[in-house]
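Visitor:
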Amino acid sequence: MPQIFASIGTNINRKKHLSLALSQLHQRFGPLSLSPVYRSEAVGFEGDDFYNMVAGFESDDSIETINQCFKSIEKQAGRDHTSPKFSDRTLDIDLLNYGDHICQTPIVLPRDEITYHAFVLLPLCDVAPHWIHPVKRVSIKQLWQNFDKPGQQLEKINDPIDMTVFTQAVSNNHLSDQTNSNNSESINQESGNKEPINKEPQYD
Numbered sequence: 001m002p003q004i005f006a007s008i009g010t011n012i013n014r015k016k017h018l019s020l021a022l023s024q025l026h027q028r029f030g031p032l033s034l035s036p037v038y039r040s041e042a043v044g045f046e047g048d049d050f051y052n053m054v055a056g057f058e059s060d061d062s063i064e065t066i067n068q069c070f071k072s073i074e075k076q077a078g079r080d081h082t083s084p085k086f087s088d089r090t091l092d093i094d095l096l097n098y099g100d101h102i103c104q105t106p107i108v109l110p111r112d113e114i115t116y117h118a119f120v121l122l123p124l125c126d127v128a129p130h131w132i133h134p135v136k137r138v139s140i141k142q143l144w145q146n147f148d149k150p151g152q153q154l155e156k157i158n159d160p161i162d163m164t165v166f167t168q169a170v171s172n173n174h175l176s177d178q179t180n181s182n183n184s185e186s187i188n189q190e191s192g193n194k195e196p197i198n199k200e201p202q203y204d
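204 is the number that the UniProt record's numbering gives the last residue of the sequence shown; the numbers go up by one with no jumps.
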């Protein structure tokens with residue numbers, strides 16, 4: 001089955017909406033490979049900082065089906081798809097790739113943002129450092145090594161939510177408990193433990 005990577009971002013009720021996204025993806029696609037969560041500044045508009053991460057999973061669903069699933073989850077989070085491109089987001093889930101498939105329709109894959117947004121590239125590097133970008137023909141780790149890191153600062157947020165359950169086989173009881181627990185947290189408790197990103201991640 002194709003290996004899929006999805007970029008997840010939110011700057012409204014961030015813990016709640018990260019938890020919603022991961023629980024829905026986990027329930028739909030099974031165990032997830034998850035990056036750490038990073039804080040990044042809003043791009044293109046004045047707004048609260050975003051939480052960003054990448055989730056990976058395998059699926060033989062079509063590109064259209066997976067993308068529609070992402071849009072449905074965004075809708076559950078109250079996403080207004082008529083709002084301006086550069087604006088606050090309850091939840092943004094973007095399909096980054098479909099295995100090594102290259103296409104322009106129904107959407108552009110691999111997604112262009114992989115190569116020019118640190119908040120996409122770094123968490124993808126955490127999850128899949130050795131995946132070869134099918135257009136650039138270099139690994140994600142190499143792309144990150146060559147990236148202009150000082151130009152886009154990120155902060156690693158240590159354990160803003162408990163993500164362990166989402167990396168395991170689906171258990172409806174655990175899923176419900178995790179979602180309810182995380183959704184009850186206040187937006188005022190979102191600060192977490194911040195770790196500045198000033199060097200590339202280390203891999204064995």
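Built from N, CA and C at the ideal position, the CB exists for glycine as well.
From a predicted model like this one, the values you see are computed outputs, not experimental measurements.
In terms of DSSP beta bridges, what is residue 206 paired with?
Guide: This structure leaves residue 206 out entirely; the chain is present only between 1 and 204.
Visitor: Would you check if the stretch 129-141 and the stretch 26-46 touch, i.e. whether three or more CB-CB distances between them fall below 8 Å?
Guide: Counting Cβ pairs under 8 Å, fewer than three are found: no touch.
Visitor: Which residue or residues does DSSP assign as beta-bridge partners of residue 10?
Guide: DSSP lists 51 as partners of residue 10.
Visitor: By how many angstroms is the C-alpha of residue 91 removed from the C-alpha of residue 83?
Guide: Computed Cα separation, rounded: 13 Å.
Visitor: Under a three-way DSSP split, which group does residue 37 fall into?
Guide: Three-state DSSP puts residue 37 in a strand.
Visitor: Alpha carbon to alpha carbon, how far is residue 148 from residue 142? Give it in angstroms, no decimals.
Guide: The straight-line gap from Cα to Cα measures roughly 12 Å.
Visitor: For a test of the three-state rule: what should DSSP assign to residue 113, helix, strand or coil?
Guide: Note: residue 113 maps to helix in three-state DSSP.
Visitor: Just mark residue 24 as buried or exposed, buried being the case when its beta carbon has 16 or more other beta carbons within 10 Å.
Guide: Residue 24 comes out buried.
Visitor: Do you know offhand how far residue 205's Cα is from residue 51's?
Guide: Limits of the chain in this structure are 1 at one end and 204 at the other, which puts residue 205 out of reach.
Visitor: Would residue 7 and residue 94 qualify as a contact pair, given that the criterion is a beta-carbon distance under 7 Å?
Guide: Against a cut-off of 7 Å, the Cβ pair of residue 94 and residue 7 comes out as a contact.
Visitor: Report yes if the CB atom of residue 96 is closer than 7 Å to the CB atom of residue 79, and no otherwise.
Guide: No; because the gap between Cβ atoms is not below 7 Å, this pair is not in contact.
Visitor: Under the rule that 16 or more other beta-carbon atoms within 10 Å means buried, what is residue 19, buried or exposed?
Guide: Its Cβ being crowded by 16 or more others within 10 Å, residue 19 is buried.
Visitor: Going by DSSP in three states, residue 158 sits in which element: helix, strand or coil?
Guide: In the structure shown, residue 158 sits in a strand (DSSP, three-state: E or B).
Visitor: With H, G and I counted as helix, E and B as strand and the rest as coil, what does DSSP make of residue 93?
Guide: It is a strand residue.
Visitor: CB residue 2 to CB residue 99, shorter than 7 Å?
Guide: In contact: residue 2 and residue 99 (Cβ atoms closer than 7 Å).
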